[in-house]
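**Student:**
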Amino acid sequence: MPIRRIRSTRLLKSVPLLMFLIALCVVAFYLVGYSTQLAHKHEIQQIEGGRDFNDGDLKAFLAGPAENFEERRSSTARKNLIIMSHGRSGSSLMGNIFNHHPSVFYMYEPLQTIGRVLRKLEGNKNYDQLAKEFLTGIFRCSFEQAPQILADIEQYYRKPDHPRVSQAIASPPLCRYRTTDPLWDPSFCPPMTSESLGSACKDNYDLTVIKLLINRIPEDSVRTWLNETTRQTRKDCNHAEDGEPATCTKDDAWQAANRWRWKAHPYEIDMIEHYCRGVMLLMGYRPVDRSYELLSNVKIPLFSVDYEAKHWFLH
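All residue numbers for the sequence shown refer to my numbering, where the first residue is 173 and numbers rise by one.
1) Cα-Cα, which of Y479, C361 and K374 is closest to L453?
2) Do you know whose CA, among G370, Y329, Y377 and G259, lies nearest P358's CA?
3) Is I341 buried or exposed, if buried means 16 or more other CB atoms sit within 10 Å of its CB?
4) How far does the beta strand (DSSP E) with Y278 in it reach, from first residue to last?
5) Counting pairs of beta carbons, one from the stretch 437–449 and one from the stretch 458–466, are three or more of them closer than 8 Å?
6) Measuring only the C-alpha atoms, how far is A481 from I389?
7) Kindly list the residues whose CB is nearer than 6 Å to the CB of R348, restricted to its own chain and excluding five residues on each side of it in sequence; keep chain order.
8) Touching or not, the stretch 375–384 and the stretch 277–289, by the rule of three or more beta carbon pairs under 8 Å?
9) I'd like to confirm the pairing. Which residues does DSSP put opposite T351 in its beta bridges?
10) Can you give the Cα-Cα distance for H272 and L467, rounded to whole angstroms?
11) Sorted by chain position, which residues of the same chain lie with C-beta nearer than 7 Å to P354's C-beta, five sequence neighbours on each side aside?
12) Only counting runs of 3 or more residues, tell me where the beta strand (DSSP E) segments fall wholly within the stretch 426–472, in order along the chain.
13) Report buried or exposed for I325, applying the criterion of at least 16 other Cβ atoms within 10 angstroms of its Cβ.
14) With a CB to CB cut of under 6 Å and the five nearest residues on each side skipped, what residues in its chain are close to C373?
15) According to DSSP, which residues form a beta bridge with M256?
16) Quick one: measure Cβ to Cβ for F306 and G370, integer angstroms, because I've assumed they're closer than 8 Å.
17) Would you mind working out which of F270, P319 and P282 sits nearest L293, comparing C-alpha positions?
18) Using the C-alpha atoms, what's the distance from N387 back to N469?
19) Give the range of the alpha helix (DSSP H) segment to which K374 is assigned.
20) Quick check on P345: buried or exposed, where buried means 16 or more other Cβ atoms within 10 Å of its Cβ?
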């Protein structure tokens with residue numbers, strides 16, 4: 173019986189066909205297994221639900237959470253958070269964390285707006301009255317105050333070179349692009365109105381956060397009003413009322429900011445002031461120059477709220 177020799181070239185030509193058949197078998201096996209898995213899942217849904225889960229029910233189930241989201245959100249009370257602190261306490265960094273959260277409407281130092289606008293307004297309104305009205309409006313997502321306030325918000329919180337630009341006010345729907353987009357430019361933001369700002373605050377964000385410095389609240393009346401309009405009027409933190417996730421601290425911010433005075437070695441202070449004096453003066457820090465009185469008396473402030481570098485950031 174003669175034996176035929178199969179040429180190697182014929183074997184090579186049949187390799188692609190063989191690979192195609194193998195791939196086809198794998199795909200067919202996967203599709204059969206997937207359809208079986210879907211059928212099994214369908215049976216489980218029928219057993220657990222006690223009824224058939226048809227295509228209409230599936231579409232309603234998938235659309236339900238999205239359709240009911242606004243209803244659930246409107247039924248939840250809006251939350252407001254006020255960050256009050258002394259200067260040089262890290263509150264700006266903390267506030268900026270909220271600023272970059274997608275569900276937070278954040279405003280940095282809104283009382284600065286009152287200070288700037290008050291110089292332009294004519295009338296009987298004083299700082300306390302205007303501050304109360306403005307802060308109340310922020311917490312209610314209502315910006316029906318003087319048009320000068322709205323103009324200041326538009327200019328101040330959309331400033332490209334400002335380090336604390338409000339992500340909420342400089343992002344959609346109030347602007348075409350987000351601030352993280354290279355195409356972002358304040359010229360792409362349409363003119364702001366009290367209605368557009370209020371709607372963006374109310375409809376797109378669940379939490380309003382503002383950051384205030386205590387030394388910018390000049391009168392006790394504003395401080396009293398803040399205590400009356402916020403839930404936290406107690407000096408002590410109570411886990412029973414605030415919940416276990418609450419972080420309680422009794423550390424006085426002023427003492428914490430000045431604790432280095434009696435902990436740092438005089439030689440270390442002298443070295444820092446020698447090499448960093450220029451930067452310290454720009455940032456508003458006062459060198460002690462080996463003065464025992466300045467180091468020991470914490471009532472004497474070693475920093476100023478008005479310093480040269482501050483004007484670089486704001487202008």
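For each residue, glycine too, the CB sits at the ideal point set by N, CA and C.
**Tutor:** Reading from the atomic positions:
1) Y479
2) Y329
3) buried
4) V276 to Y280
5) yes
6) 22 Å
7) F360
8) yes
9) Note: T351 sits in no beta bridge, so no partner.
10) 38 Å
11) none
12) none
13) buried
14) F277 and C313
15) L384
16) Actually they are not in contact, since the Cβ atoms of F306 and G370 sit about 13 Å apart, beyond 8 Å.
17) P319
18) 20 Å
19) S366 to N376
20) exposed
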